[in-house]
Amino acid sequence: MSGEFECRARNSVGEGNDVLTLTVQYAPEVTTKVCIERINPNEGERVEVECLVDANPKASVIKWSGPNGFSSDDPTLVLKSVSRENSGNYTCLATNYLNIYGQTGSQTRTGTSITFVDVKRRPGKAVISPSHLNVVVGDIIELLCSAADLGSPEAQFKWSSPSSGGQFGTREHDQASLIVRNAQLADNGRYRCRAYNSLGEGDEAVVDVKVIEPAKISRPLATERIFQANEAANGLECEAEGYPVPSFQWFKDGQPIDQERYKTESTIVKTSCSERDFCTLIVMGSLFFSIPIQWTDKGNYSCVASNGASERNSNNLSWTVVRVIHGPVILNQRFPIDSLAAADVLSMARLKCIVSARPEPKFSWMFSSSVIEETDRYSFQFNRIYERPDEYEHILQISETVDTDYGSYLCRATNGVGTKAEVIVRLTHTGLPQVPDAVQKLSSTPQSLLIGWQPGFDGGFEQSFVVEYRLLNPFTESFGKEDVATVEVHNVTKIEEIKDDGTISWIISYNLTGLRPLSSYYVRTRAANKKGISEFSPLVTATTNDVNEDPKMLAPRSLSFDILKQSIHVECFTESSSAITPWRLALIIPVAALAFLILLMCALFVICFRSRSPTKIVKNGIGTSRPSTITVLSQSEAKNAMVHGSQTDSGVFTLDSGRIKGNNFIAPHTYSSSSEETAVENWPPEQYDITNDPYLSEQARHVFPGDMDDQMEEASISGTEDEDGRRVMREIIV
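Note that UniProt numbering has the sequence shown beginning at 1, numbered continuously upward.
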């Protein structure tokens, strides 16, 4: 549409016309002289692509950009010797500025054209995903091969595997993916993949695939084992098979065994193949009692075989019940010596006596030295605790309790082995629960505390607990009311420890979460039942752990704590920051120390060298002493001195050309300055003490022995002598 437009007007008188020139401005339209958008040169060839731009106004900027940060301000793209790194999209960008009628300022417009340079090359290094793989026998092995640089022409892939005998590209091994169905132990091994095209092969990728035959128990533990107390038992044996070699874990009553009390070992007993082959392995696991067996060794034992295939299941688990023949042991909880029971008047009282014994024990109860027989008011209940081997519970029940029933009852258990076992069970009125005891920190993390305590007597009813914790202010070592928090604990974890003498310690634990790292807390507990709440236990201090610091994390530029807002402000370094990182600091410090040592050694060497240099004594014809006084120049000699001195005039000037001879003293005479020579320094008539002259003093100390000696021993020196034949020297400093 650009061009000249003419307007004409006509009437009866005549006609007139005018011409309008229209210029249409438009954004750059960018093309290239290459007919195709993809150039496929060989490595080492020269590539030139000219960028053609149609724009109005004319484009002011034409430039190229490409992979790996390539840029050029020339309209022609020139790649002198292409390589695989030059492959990629190259964009020609043209920019012009439109001046549009009615708008202020210029409007920027751009246009682009993309040319893909695909250098012919062999593929890059292959990559296999996943990078490692474990599968169970019968499952599918599926691997995918790729390459970051597929090359040009585009790469194909080939595999080698244990089933191909290490050969590449066999049947079903010539695709990007490799699938092996119904995997067997023979498929264990190394899988390799290579990317290739007509120009060659890229570097191969390797992945090790492990095919696992899940561990399973091949010979289980005996259902029950019975030992005699204090005998040296042979232990327990459990056999399993699988590949790789199964390992064993041993448990007692659901908890990992005590490694100090028990010892374990595993031994491969049978294999049906050589070391290089993959086949089922049979292993025997043994558990030994490190000391003669005690009654506390009774319990439910289990062995679990595993080799990385799956979690615990019925096939890799075996269990047995270990029973120990022993006399009765009382297991009642004591507070602290007697056991306690509680009941209200006219209600039924239940007094429990818990015993461990084998064979089964017989129980008897006494009150006020009288044996209690079963009557209408007194009845007995005998229970076997099945989840705990050889443990029994005998309960004395008293209906319609009266005041005379309160007191101490004796429970006695016998089984014909060892001595009898007795415990006092004291019947009291119901009441508040006792205060929990031995509050302690069991473990901690940066944000949690595992708190444990020993529960007291429940007062005759089921009890719950309240845990109170307070954040301790590290600055004032105190806490405010707003820092106090309480938690009602209903579902707790009970940890029971039974010693060989039958003493039982009960620990109830609760995990406090949402805490601050490296912070101290005051913690206390109390118990509650339907009658009320006990007093709090004494306060104990527990501290959370510090956060786990990343050793690679840089220190911040600054860190400040706002007391009012209770917040920390951290200013981190930017990526371009020149802050000294820890590894740089570790490098700088030794280098600086080494440089300091070298400088120190050089300084010591210079001092030592100078201190050992021989003293040079200058001898002359006038003796070994120097004149102690000096006189002023005569008026005639002063006229020969420079009136206007400069830096180039500095030095030693001699006013006598003869040899120094005669006596050591210069006869003084007066000197007066004329008005025309005011620029010349005037010397006073008094004598000058040479011992205070710094330059002559340096000569006396031989600081400049070479220069002064040369002057003293010169064959001829320009200047004049006075009447006594002495040479007068003067140094002028500008």
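Beta carbons are placed, not taken as given, at the ideal position from N, Cα and C, and that holds for glycine.
For clarity, every value in this text was computed on a predicted model and none was experimentally measured.
Taking buried to mean at least 16 other C-beta atoms within 10 Å of its own C-beta, is residue i buried or exposed?
i           : result
Thr32       : buried
Gln184      : exposed
Ser160      : buried
Phe289      : buried
Thr115      : buried
Thr624      : Any reading at Thr624 needs caution, since the residue's pLDDT is 41, under 50, leaving its predicted position unreliable; the model's value is listed next. Per the 10 Å Cβ criterion, exposed.
residue 790 : This structure gives no information on residue 790, because the portion of the chain shown stretches from 1 to 734.
Glu15       : exposed
residue 736 : Here the chain has residues from 1 to 734 only, and residue 736 is not among them.
Thr544      : buried
Leu597      : exposed
Val19       : exposed
Cys303      : buried
Gly151      : buried
Glu571      : exposed
Ser113      : buried
Thr525      : buried
Val425      : buried
Cys238      : buried
Glu400      : exposed
Please determine, among the options, the residue with the shortest C-alpha to C-alpha distance to residue i.
i      : options                           : result
Leu52  : Ile39, Leu77, Ser71 and Ser370    : Leu77
Ser464 : Leu472, Gln434 and Gly124         : Gln434
Lys352 : Gln333, Gln25 and Thr541          : Gln333
Arg388 : Pro590, Asp253 and Tyr510         : Asp253
Val402 : Asp344, Gly459, Pro436 and Arg412 : Asp344
Ser356 : Ala309, Ala421 and Gln397         : Ala421
Ala176 : Gln167, Ala186 and Ala195         : Ala195
Leu98  : Arg610, Ala59 and Asn68           : Ala59
Val82  : Pro67, Thr544 and Thr486          : Pro67
Ile212 : Tyr262, Ala147 and Leu281         : Leu281
Asp483 : Ser2, Ser520 and Val489           : Ser520
Arg122 : Ile291, Asp149, Leu287 and Ile100 : Asp149
Phe475 : Leu449, Leu427, Phe561 and Tyr510 : Phe561
Pro517 : Thr486, Thr445, Gln25 and Val487  : Thr445
Asn86  : Val47, Ala413, Ala305 and Arg384  : Val47
Ser370 : Met348, His394, Ala342 and Arg412 : Arg412
Ser218 : Ser306, Thr503, Ser448 and Phe335 : Ser306
Val56  : Ile100, Phe70, Asn89 and Tyr90    : At residue 56 the sequence reads Asn, which differs from the Val that was named. It is Ile100 whose Cα lies nearest to the Cα of Asn56.
Ser379 : Phe363, Gln156 and Val119         : Phe363
Asn40  : Val117, Leu600, Val61 and Tyr392  : Val117
Ile507 : Leu442, Ser164 and Arg38          : Leu442
Leu199 : Ala155, Ala555 and Ile398         : Ala155
Ala240 : Tyr392, Asp338, Leu564 and Ser266 : Ser266
Taking residue i as part of the beta strand (DSSP E), name the residues at either end of that continuous run.
i           : result
Gln381      : Tyr378 to Ile385
Asn134      : Leu133 to Val136
Leu396      : Glu391 to Ile398
Pro214      : Ala205 to Arg219
Ala438      : Asp437 to Thr445
Cys572      : Unbroken run through Cys572: none, as it is neither H nor E.
Trp64       : Val61 to Ser65
Val355      : Ala349 to Arg358
Lys530      : Counting along the chain, Lys530 falls outside any beta strand (DSSP E), and DSSP gives it neither H nor E.
Gly407      : Gly407 to Thr414
residue 745 : Nothing in the structure corresponds to residue 745, since the chain is present only between 1 and 734.
Pro28       : Tyr26 to Thr32
Pro328      : Leu317 to Ile330
Cys273      : Run containing Cys273: none; DSSP gives neither H nor E here.
Asn56       : Val47 to Asn56
Tyr90       : Gly88 to Leu98
Near residue i, what residues of its chain come up, given a Cβ to Cβ distance below 6 Å and the 5 sequence neighbours on each side ignored?
i      : result
Ser129 : Leu144
Asp203 : Lys125
Thr21  : Glu4
Ser12  : none
For residue i, which residues of its own chain have a beta-carbon under 8 Å away from its beta-carbon, when the five flanking residues on both sides are left out?
i      : result
Phe479 : Arg470, Leu471, Leu472, Asn473 and Tyr522
Ile325 : Ile226, Phe227, Gln228, Ala229, Arg358, Pro359 and Val417
Ala9   : Glu15, Gly16 and Asn17
Thr264 : Phe248, Trp250, Ile257, Gly285, Ser286, Leu287 and Phe288
Ser2   : Leu22, Thr23, Val24 and Asn56
Closer than 7 Å by C-beta to residue i: which residues in its own chain qualify, once you throw out the five before and the five after it? Chain order, please.
i      : result
Gln566 : none
Discussion item. Would you call the stretch 164-172 in contact with the stretch 116-128, where contact means no fewer than 3 C-beta pairs closer than 8 Å?
Written reply: no
Item to complete: Could you tell me whether the stretch 101-114 touches the stretch 70-87, using the rule of 3 or more Cβ pairs below 8 Å?
Response: no
Discussion item. When you compare the stretch 531-550 with the stretch 489-498, are there three or more beta-carbon pairs, one atom per stretch, that lie closer than 8 Å?
Written reply: Contact between the stretch 531-550 and the stretch 489-498 is absent: fewer than three C-beta pairs spanning the two stretches fall below 8 Å.
Practice prompt. Take every Cβ of the stretch 382-399, pair it with every Cβ of the stretch 213-222, and state whether three or more of those distances are shorter than 8 Å.
Written response: Between the stretch 382-399 and the stretch 213-222, the count of C-beta pairs closer than 8 Å stays below three; the two stretches do not touch.
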